[in-house]
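Take 4 as the starting number for the sequence shown in my numbering and just add one per residue. Report on one structure; see the data block that follows.
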Amino acid sequence: MNQIQPLQLGFAVAPRNLRTGALASLTRLRATQGVPRRPVSAKTTKPMFEENKKDKTFKESMGTNPSPHKPIVKDDGAESDVVEIESFKNDPARIEAMTVQQLRTTLRNAGVSAKGRKFELVAALKCFLEKKKDGEGSLVIEEQVASTCVENASEKTEAETSSDGDQVQNVPVSEVGELQRYKRRLNHSSVKSETVIGYSKVATKKEKLSIESEDLSVHKLSRTRKKTSSETINFEVKTDDKVAEPWTVLAHKKPQKDWVPYNPRTMKLPPLAKDTKFLKLMSWNVNGLRALLKLEGFSALQLAQREDFDVLCLQETKLQEKDVEDMKRSLIDGYGNSFWTCSVSKLGYSGTAIISRIKPLSVRYGIGISDHDSEGRIITAEFDSFYLITGYVPNSGDGLRRLSYRINEWDPSLSNYMKELEKSKPVILTGDLNCAHQEIDIYNPAGNKRSAGFTDEERQSFGSNFLSRGFVDTFRRQHPGVVGYTYWGYRHGGRKFNRGWRLDYFLVSESISDKVHDSYILPDITGSDHCPIGLVLKL
């Protein structure tokens, strides 16, 4: 559901198409025309930031009292250029008929920057002439001309883009672009000044924006507008859910026509009736449990209260054995049963855990093969009607250095272990299985053919060792054409743009697959490069 929320945006009003050299030019123009010098106030608007060394550069290069007697241009055509500009005053049609090149030449002769599209150049020249009619030619004039041109161009651009109610546009479109271009020109100019430029936001037509314009303070010169120094327009933003929740946008390099993005708010099934017996299982690769618990804003208690899970399986805890007792003492009330395994071959690496409200009948660590059990990757908890395994499958690594170990040793060994358990009870395997099985499970399949987690070898091994041996991918069975990711790399804004992988699973024995009420993803929970997944199992 779309939500209404207020948004306050602020940016300083900056002259449009204004070169720093033009300040001196217009001052000189005023002097040559005999217009009395208008005093400029020495007061300054309080800057957003402290004065720095760049401000001194502005003073040194401009000078405190630029000479009023130098002509606008050095050649003999200066006076004729002024006469030609004067002739436009009574014939505005001539301005509209001018080419872009003619407009730029005329504006440059007037000492005004001539960058932009034609309608912007026309507006700039008309504004300049309108202000010139009043006989004003000071620094204040140029600021007013540029500011008025910004407003006129902005209104025209907004009118052109507001016909479609769903069209995304910049607000205000023209001002934002020109402010950015103006800032870049100042940065490359030999005359440097302190420029206060604020923030703008992309919005839709229905959005209400709060935009506050402020004076532009340059060194110790105070620029004020003729009528008002600042004005505030209050709007309200109607935030698009697809911006706030990027996982609801279909993000895939090679999407099929019937694919849709996973949205937990609409696809997660409602709770079962109170008289129905069920268990709620959750799994999460936390990518370092101690780091997660230190994150500002993260609350394990709030997560437990919100999801009300019965069992939580963790992977990649990165704990050492000396840390386990402290973790047990800090557990949330009601989850007194916890089981931890840590890597002993490489400290602070891998590690898994099971935290449960329900006391299991038995617990096993590893799969009984020493070559696989030194990294703390497997814990098995036996409950009344099933075995629950939390697993962190080895990544094939950089350069696929562990690919052979993964597909020839680990996968077959884990599969055989699960089939052995299945002889007495159904089995549920959950965790980070480090494989995006199908192209629908990864944002960029073509670009990751030889990336760990999406090689043909790993995908085939996943199919032959697990799916073909009677274990069901619960999420894919429930959502056959749904794109839902559980992992996003930290690089390139993966989570921001929903460019991810589905690496986390609940695999269950076929014999209990019909008891699965819901298999879901919780992409809104942050704190790790993975997000939690859940399974509701009827008993």
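Here a beta-carbon is modelled for each residue, glycine too, at the ideal position from N, C-alpha and C. Quantities reported herein were computed from a predicted structural model and do not represent experimental measurements.
message = So, with DSSP's three-state summary, where would you put G434?
response = In the three-state DSSP reduction, G434 falls in the strand class (E or B).
query = Fully enclosed by the stretch 286-357, which beta strand (DSSP E) runs are 3 residues long or longer?
reply = Considered as a whole, the stretch 286-357 harbours 314-318 and 340-344 as its complete beta strand (DSSP E) runs of no fewer than 3 residues, in chain order.
key: Bounding residues of the beta strand (DSSP E) (the contiguous stretch that carries F509)   = Its beta strand (DSSP E) spans residues D507 to S512.
request  = Please list, in chain order, all residues of the same chain as L304 whose beta carbon is under 8 Å from its beta carbon, the five residues on each side excluded.
outcome  = Within the same chain, L304 has close Cβ partners I335.
query = Out of S407, R505, I443 and E460, which has the shortest C-alpha to C-alpha gap to N437?
reply = Ranking the options by Cα distance to N437, first place goes to R505.
request  = Mind checking which residues open and close the alpha helix (DSSP H) that includes S427?
outcome  = Careful: S427 lies outside any alpha helix (DSSP H) and carries neither H nor E.
message = Our contact map puts V366 next to I431 with C-beta atoms below 8 Å; I'd like the distance itself, whole angstroms only.
response = Contact flag wrong, Cβ pair sits at about 15 Å.
message = Using 8 Å as the cut-off, can you tell me whether the stretch 415-430 makes contact with the stretch 469-477, which would need three or more C-beta pairs spanning the two stretches below that distance?
response = Enough Cβ pairs lie closer than 8 Å, so yes.
inquiry  = Going by the DSSP bridge assignment, what does I515 pair with across the sheet?
reply    = Looking at the DSSP output, I515 bridges to nothing.
message = Output needed for S514: all residues of its chain with C-beta closer than 7 Å, excluding positions within five of it in sequence on either side, in chain order.
response = Answer for S514: P429, listed in chain order.
query = Is the beta carbon of G354 less than 8 Å from the beta carbon of L322?
reply = It is a contact, given that the beta carbons lie within the stated cut-off.
ask   = Considering only the beta carbon of each residue, do G537 and M285 sit closer than 8 Å?
value = Contact flag set, yes.
ask   = Comparing alpha-carbon positions, which option in S531, L542 and L540 lies nearest K297?
value = The shortest Cα separation from K297 among S531, L542 and L540 belongs to S531.
Nearest residue (CA-CA) to D329, options F342, G337 and A254 = Looking at the Cα atoms, F342 is the closest of the given residues.
message = Assuming Y493 and G503 are in contact, meaning their beta carbons sit under 8 Å apart, how far apart are those beta carbons, in whole angstroms?
response = Contact between Y493 and G503 fails: their C-beta atoms lie close to 11 Å from each other, not under 8 Å.
task = May I have the straight-line CA-CA distance separating A34 from G114, to the nearest angstrom?
result = Note that A34 has pLDDT 43, beneath the 50 cutoff, so the model's placement of it is unreliable and the number below is only indicative. A straight line joining the alpha-carbon of A34 with that of G114 spans about 14 Å.
message = Which residue marks the beginning of the beta strand (DSSP E) containing D476, and which one marks its end?
response = The continuous beta strand (DSSP E) containing D476 extends over residues F474 to D476.
Residue closest to R480, alpha-carbon to alpha-carbon, out of Y523, S377, V289 and T102 = Cα-wise, what sits closest to R480 is Y523.
query = What number of angstroms, rounded off, separates the C-alpha of I357 from the C-alpha of D376?
reply = It is roughly 17 Å from the alpha-carbon of I357 to the alpha-carbon of D376.
inquiry  = So, at 8 Å on beta carbons, what are the nonlocal neighbours of F281 in its own chain, with the 5 sequence-adjacent residues on each side left out?
reply    = Closer than 8 Å at Cβ, skipping near neighbours: L275, H520, V539, L540, K541 and L542.
Environment of I372 [buried if 16+ CB atoms lie within 10 Å] = It is exposed - the Cβ of I372 has fewer than 16 other Cβ atoms within 10 Å.
ask   = What are the start and end residues of the alpha helix (DSSP H) that includes L106?
value = In this chain, the alpha helix (DSSP H) harbouring L106 covers V103 to N112.
query = Which residues does DSSP pair with A247 in a beta bridge?
reply = DSSP lists no beta-bridge partner residue for A247.
key: Proximity below 8 Å, CB of E460 to CB of L406   = Cβ atoms of E460 and L406: closer than 8 Å.
query = Considering only C-alpha positions, which residue in the set K129, R380, L106 and S399 is nearest to R120?
reply = Check the Cα spacing between R120 and each of K129, R380, L106 and S399: the tightest is with L106.
request  = Please name the residue in K362, V396 and E123 whose C-alpha comes closest to that of N288.
outcome  = When each option's Cα is compared against that of N288, the closest is V396.
key: Straight-line Cα distance separating E123 from S165   = Interpretation of S165 is limited by its pLDDT of 37, a score under 50 that renders its predicted location unreliable; the figure taken from the coordinates is listed afterwards. Straight-line spacing of the CA atoms in S165 and E123 works out to 19 Å.
message = If you follow the alpha helix (DSSP H) that T269 is in, where does it begin and where does it stop?
response = Start and end: P267 to M270.
request  = Go through its chain and collect everything with a Cβ distance to T529's Cβ below 6 Å, but skip five positions before and after it.
outcome  = Same-chain partners within the cutoff: there are none.
ask   = When you compare each of A96, L525, I98 and P95 to F3 by their alpha carbons, which one comes out closest?
value = The structure shown does not extend to residue 3, since the chain is modelled only from 4 to 542, so the question has no answer here.
C-alpha distance - V325 paired with A449, whole-angstrom precision = According to the sequence displayed, residue 325 carries Lys and not Val. If you take the alpha carbons of K325 and A449, they lie about 43 Å apart.
task = May I ask which residues mark the beginning and end of the beta strand (DSSP E) holding E385?
result = Per DSSP, the continuous beta strand (DSSP E) segment holding E385 begins and ends at I381 to E385.
query = Residues in its own chain within less than 6 Å of N398 by CB, not counting five upstream and five downstream?
reply = For N398, same chain residues with a beta-carbon under 6 Å away, outside a window of 5 residues either side, are N437 and A455 in chain order.
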